[in-house]
Amino acid sequence: MEGRFAYNLYLQEQDNGMKDKMNMKVIGIGGMGINFVNFMIASGVKKVEYITIDTDSENSGLSHAEKKIFLDTGVKECSREQAERVAFQCENQFQELLLETNILFLISFFIIVSIFMYRYLSKFGVPMLLVFISLGMIFGENGIFKIPYDNYELSRDICSFALIYIIFFGGFGTNLSMARGIIKKSLILSSLGVIFTSLLTGLFSHYVLKLDWYSSLLIGSVLGSTDAASVFAILRSHKLNLKENTASLLEIESGSNDPFAYVLTIAFLTLSKGNLNLPLLLFKQVFFGLAVGYIFARVSCYIIRKVNNIDSGMSMALITASMLLSYSTSEFIGGNGYITVYLLGVLLGNMHFNKKSEIVSFFNGLTSIMQILIFFLLGLLVNPLEALKYTVPAILIMIAMTLFIRPFVVCSLISPLKSSRGQKLLVSWAGLRGAASVVFAILVVVANKERGMVVFNIAFIVVLLSIAIQGSLLPYFSKKLNMIDEDGDVLRTFNDYSDTEDVDFITAEIDETHKWVGRQVKNLELMPSVLLVLIIRNNENIIPNGNTVIEKGDRIVLCGSSFVEKDTRINLYESIVDKTSKYKDKSIKELDRNTLIVMIKRDEVAMIPSGNTTILENDILVLLDR
Numbered sequence: 005m006e007g008r009f010a011y012n013l014y015l016q017e018q019d020n021g022m023k024d025k026m027n028m029k030v031i032g033i034g035g036m037g038i039n040f041v042n043f044m045i046a047s048g049v050k051k052v053e054y055i056t057i058d059t060d061s062e063n064s065g066l067s068h069a070e071k072k073i074f075l076d077t078g079v080k081e082c083s084r085e086q087a088e089r090v091a092f093q094c095e096n097q098f099q100e101l102l103l104e105t106n107i108l109f110l111i112s113f114f115i116i117v118s119i120f121m122y123r124y125l126s127k128f129g130v131p132m133l134l135v136f137i138s139l140g141m142i143f144g145e146n147g148i149f150k151i152p153y154d155n156y157e158l159s160r161d162i163c164s165f166a167l168i169y170i171i172f173f174g175g176f177g178t179n180l181s182m183a184r185g186i187i188k189k190s191l192i193l194s195s196l197g198v199i200f201t202s203l204l205t206g207l208f209s210h211y212v213l214k215l216d217w218y219s220s221l222l223i224g225s226v227l228g229s230t231d232a233a234s235v236f237a238i239l240r241s242h243k244l245n246l247k248e249n250t251a252s253l254l255e256i257e258s259g260s261n262d263p264f265a266y267v268l269t270i271a272f273l274t275l276s277k278g279n280l281n282l283p284l285l286l287f288k289q290v291f292f293g294l295a296v297g298y299i300f301a302r303v304s305c306y307i308i309r310k311v312n313n314i315d316s317g318m319s320m321a322l323i324t325a326s327m328l329l330s331y332s333t334s335e336f337i338g339g340n341g342y343i344t345v346y347l348l349g350v351l352l353g354n355m356h357f358n359k360k361s362e363i364v365s366f367f368n369g370l371t372s373i374m375q376i377l378i379f380f381l382l383g384l385l386v387n388p389l390e391a392l393k394y395t396v397p398a399i400l401i402m403i404a405m406t407l408f409i410r411p412f413v414v415c416s417l418i419s420p421l422k423s424s425r426g427q428k429l430l431v432s433w434a435g436l437r438g439a440a441s442v443v444f445a446i447l448v449v450v451a452n453k454e455r456g457m458v459v460f461n462i463a464f465i466v467v468l469l470s471i472a473i474q475g476s477l478l479p480y481f482s483k484k485l486n487m488i489d490e491d492g493d494v495l496r497t498f499n500d501y502s503d504t505e506d507v508d509f510i511t512a513e514i515d516e517t518h519k520w521v522g523r524q525v526k527n528l529e530l531m532p533s534v535l536l537v538l539i540i541r542n543n544e545n546i547i548p549n550g551n552t553v554i555e556k557g558d559r560i561v562l563c564g565s566s567f568v569e570k571d572t573r574i575n576l577y578e579s580i581v582d583k584t585s586k587y588k589d590k591s592i593k594e595l596d597r598n599t600l601i602v603m604i605k606r607d608e609v610a611m612i613p614s615g616n617t618t619i620l621e622n623d624i625l626v627l628l629d630r
């Protein structure tokens, strides 16, 4: 019946002239479904994706559909109970098929919802990563939408890919010139700090929580690194400029420690197989990771500097390709791809090239999407009822790491490097767990499902608590410890900050009626900070000096500072003047004082209006929304 309806719908839309716009999916279930799909194919029905599903291999082999799904139940004759079990199995597989076909819709819808929620909830100080996790749980099997999803292999691939962008941007956005004096501290915390934190957390899990050694060490390695994206977001959103260059310290530490936690996780996973050469593994991971990152950075820098007039779009494409290629190359030869992309990001981010701020904004937006995907998948994968079983051990681990392990490690490692009490305490509190811990926990599940689920559920609760408690209270503790630098600007620690003014150029034609005709440049009445930098006369470029005389027919080029006030919302938009427009046949000076027309496009010619300019029908107005 459903198939006949689909066929009739197809014929109806053909009659309505919708042939070229059709995009249908027909799923034939069982023998009758296969027969009808074959009938539609034989009838020449086009622009339809055909799928057949059957538990009989012979029937499935008779299908002419593009996609044939054979559900091998292993049952030919069965009881009612067996039939119900098989039906339930088939129902689950069919739901997975529908989920697969609508995954793009689901992801797109979720990203849009996340953006709107960020827009309205960020003003209340709600950590947005919590919102992303919550949305994933709402969509999940135990949520409102009840989407069954437990594909850890696919989640591993998606999250590992997303983490490449997050780690790269952590390096790309770090301004090394602002990190002088704290590089040593940062690298010690990102390497030895991760190792000691992981081992101490493992010891706590084993001796206090009575977990086995394998699970304990994996929990420690998964939770060993801090989250760069969360730290960056808090520093930026709250404009937390910290004393003693602590902001740069946190940025470099959190951006560079994920690779070391990854190495430990892989090492402990490999340890279970009994064939681990740990020194060799660490050497290959670090050496090849750094070497490949450095080589690709030098090559990319050379190309960007040598290619003339490369625009921001091509620069983005080049950097993205370099990032992905360097990661895959490093992994292929046995290096740590995350170390590679982080070093690549640092070196590229600290070189000077055109439109750099645009590229930073691009990767910032892309990284935000990757965070959304990771935490949405985390919420989708987690079973709240199952995770609740691990609430007590997770809370104990969270308390131990936040109040004892992290402070002990931080104080032990950076006290010899002349750190104040306030800096040590603040750095200790700022050890947020986030995206990397989620990704590494999923890796453990894929490698060992039984023990991996223990690690995953504990990591989920720790990440949740860390973002909610540590993230929310970081601004409070910064002020409480008197670590806020009121005279500084935290944005200086990021590579999209510039303390130099951008300039723009405008040009104008000097006609015979212009009051500048016959006057020397030094006698012109120019606005402050505006310079006359070029005169084009008879196709000849003239660099003017104070004695240069302006002549009729000259085209002058003026230079001035760009308007970059970030706290002022300004929007330019176009409006076409039709017969009913309120602007039609009015001069600029007759308009409301709140209406500012900056340009008029008339007959494919752009003109800067004056007060006496009359607006005509079919004019395109460029208006300033203040």
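Its first residue numbered 5, the sequence shown is counted upward by one per residue in this note's numbering.
The C-beta atom is built at its ideal place from N, Cα and C for all residues, glycine as well.
{"Check": "Rounded to a whole number of angstroms, what is the C-alpha to C-alpha distance between ASN354 and LEU180?", "Outcome": "7 Å"}
{"Check": "Measure the C-alpha to C-alpha separation of PRO411 and LEU436 and round it to an integer number of angstroms.", "Outcome": "13 Å"}
{"Check": "Shortest alpha-carbon distance to LEU286 belongs to which of ILE299, TYR298, ALA265, VAL303?", "Outcome": "ALA265"}
{"Check": "Let me know if ILE116 comes out buried or exposed under the rule of 16 or more other beta-carbons within 10 Å of its beta-carbon.", "Outcome": "exposed"}
{"Check": "Buried or exposed, going by whether 16 or more other CB atoms sit within 10 Å of the CB of MET5?", "Outcome": "For MET5, the predicted structure reports a pLDDT of 44, less than 50, and the residue's modelled location is therefore unreliable. A value from the coordinates is still provided. Its Cβ having fewer than 16 others within 10 Å, MET5 is exposed."}
{"Check": "Could you name the residues of the same chain whose beta carbon sits closer than 6 Å to that of SER194, not counting the 5 residues immediately before and after it, in chain order?", "Outcome": "GLU257, SER260, ASN261"}
{"Check": "Below 8 Å between beta carbons: does that hold for GLY197 and VAL413?", "Outcome": "yes"}
{"Check": "Determine the direct distance from the alpha carbon of LYS593 to that of ALA610, and round the result to whole angstroms.", "Outcome": "19 Å"}
{"Check": "Thinking C-alpha only, which one of LEU294, ASP315, THR205, LEU215 is nearest THR268?", "Outcome": "Here the sequence assigns Leu to residue 268, which means Thr is not the residue at that position. Of LEU294, ASP315, THR205, LEU215, the residue nearest in Cα terms is THR205."}
{"Check": "How long is the line joining the alpha carbons of PHE464 and PHE336, rounded to whole angstroms?", "Outcome": "30 Å"}
{"Check": "When DSSP labels each residue in this structure, what does ARG410 get in the three-state scheme?", "Outcome": "helix"}
{"Check": "Counting along the chain, where does the alpha helix (DSSP H) carrying ASP262 start and finish?", "Outcome": "262-275"}
{"Check": "When you compare only the Cα positions, how much space is there between GLY339 and SER332?", "Outcome": "9 Å"}
{"Check": "How about ILE223 and VAL459: are their beta carbons less than 8 Å apart?", "Outcome": "yes"}
{"Check": "With a threshold of 7 Å on Cβ separation, who are the neighbours of ALA233 within its own chain once the five nearest residues in sequence on each side are excluded?", "Outcome": "ILE170, THR371, GLN375, GLY438, ALA439"}
{"Check": "Residues in the same chain with beta-carbon distance under 7 Å from ILE612, minus the five sequence neighbours each way, listed in chain order, please.", "Outcome": "MET603"}
{"Check": "Compute the Euclidean distance between the alpha carbons of SER138 and LEU385, then round it to the nearest angstrom.", "Outcome": "12 Å"}
{"Check": "Among LEU429, ARG160, LYS71, ILE45, which residue has its Cα nearest to the Cα of PHE379?", "Outcome": "ARG160"}
{"Check": "Alpha carbon to alpha carbon, how far is LEU253 from LEU528?", "Outcome": "51 Å"}
{"Check": "Which value, in whole angstroms, describes the spacing of the CA atoms of PHE113 and LEU133?", "Outcome": "17 Å"}
{"Check": "Less than 8 Å between the CB atoms is what I'm expecting for ILE619 and LYS588, so what's the real figure, rounded?", "Outcome": "6 Å"}
{"Check": "Helix or strand or just coil, what does DSSP make of LEU430?", "Outcome": "helix"}
{"Check": "Since I believe LEU478 is in contact with TRP520 (beta carbons under 8 Å), could you give me their beta-carbon distance rounded to a whole number of angstroms?", "Outcome": "Actually they do not touch by this definition, with Cβ atoms about 57 Å apart."}
{"Check": "Could you give the DSSP three-state label for GLY564: helix, strand or coil?", "Outcome": "strand"}
{"Check": "Thinking HIS68 and ILE33 are a contact (beta carbons under 8 Å), I'd like their distance in whole angstroms, please.", "Outcome": "Not a contact, Cβ separation roughly 15 Å."}
{"Check": "From the DSSP output, in three-state form, read off LEU381 for me.", "Outcome": "helix"}
{"Check": "Span of the beta strand (DSSP E) holding ALA610?", "Outcome": "609-611"}
{"Check": "Name the residue from LYS50, GLY174, VAL431, ILE270 whose alpha carbon lies nearest to the alpha carbon of GLY369.", "Outcome": "GLY174"}
{"Check": "LEU352 to VAL212, Cα distance in whole Å?", "Outcome": "45 Å"}
{"Check": "Start and end of the alpha helix (DSSP H) containing THR1?", "Outcome": "Nothing about residue 1 can be read from this structure; the chain reaches only from 5 to 630."}
{"Check": "For MET327 versus LEU348, is the C-beta spacing smaller than 8 Å?", "Outcome": "yes"}
{"Check": "On the criterion of 16 or more Cβ atoms from any shown chain inside 10 Å, does PHE638 qualify as buried, or is it exposed?", "Outcome": "What the structure shows of the chain is the stretch from 5 to 630, and residue 638 is not part of that stretch, so it cannot be assessed."}
{"Check": "Taking the straight line between their C-alpha atoms, what separation do you get for LEU377 and LEU468?", "Outcome": "16 Å"}
{"Check": "For VAL537, would you say it is in contact with chain B, using Cβ-to-Cβ distances shorter than 8 Å as the test?", "Outcome": "In the structure shown, chain B does not exist; there is a single protein chain."}
{"Check": "Exposed or buried, what is ASP3 when buried is set at 16 or more other beta-carbons lying within 10 Å of its beta-carbon?", "Outcome": "Limits of the chain in this structure are 5 at one end and 630 at the other, which puts residue 3 out of reach."}
{"Check": "How would you call LEU304, buried or exposed, if buried means at least 16 neighbouring beta carbons within 10 angstroms?", "Outcome": "The question names Leu, but residue 304 in the sequence shown is Ser. Classification of SER304: buried, given that the 10 Å Cβ count is 16 or more."}
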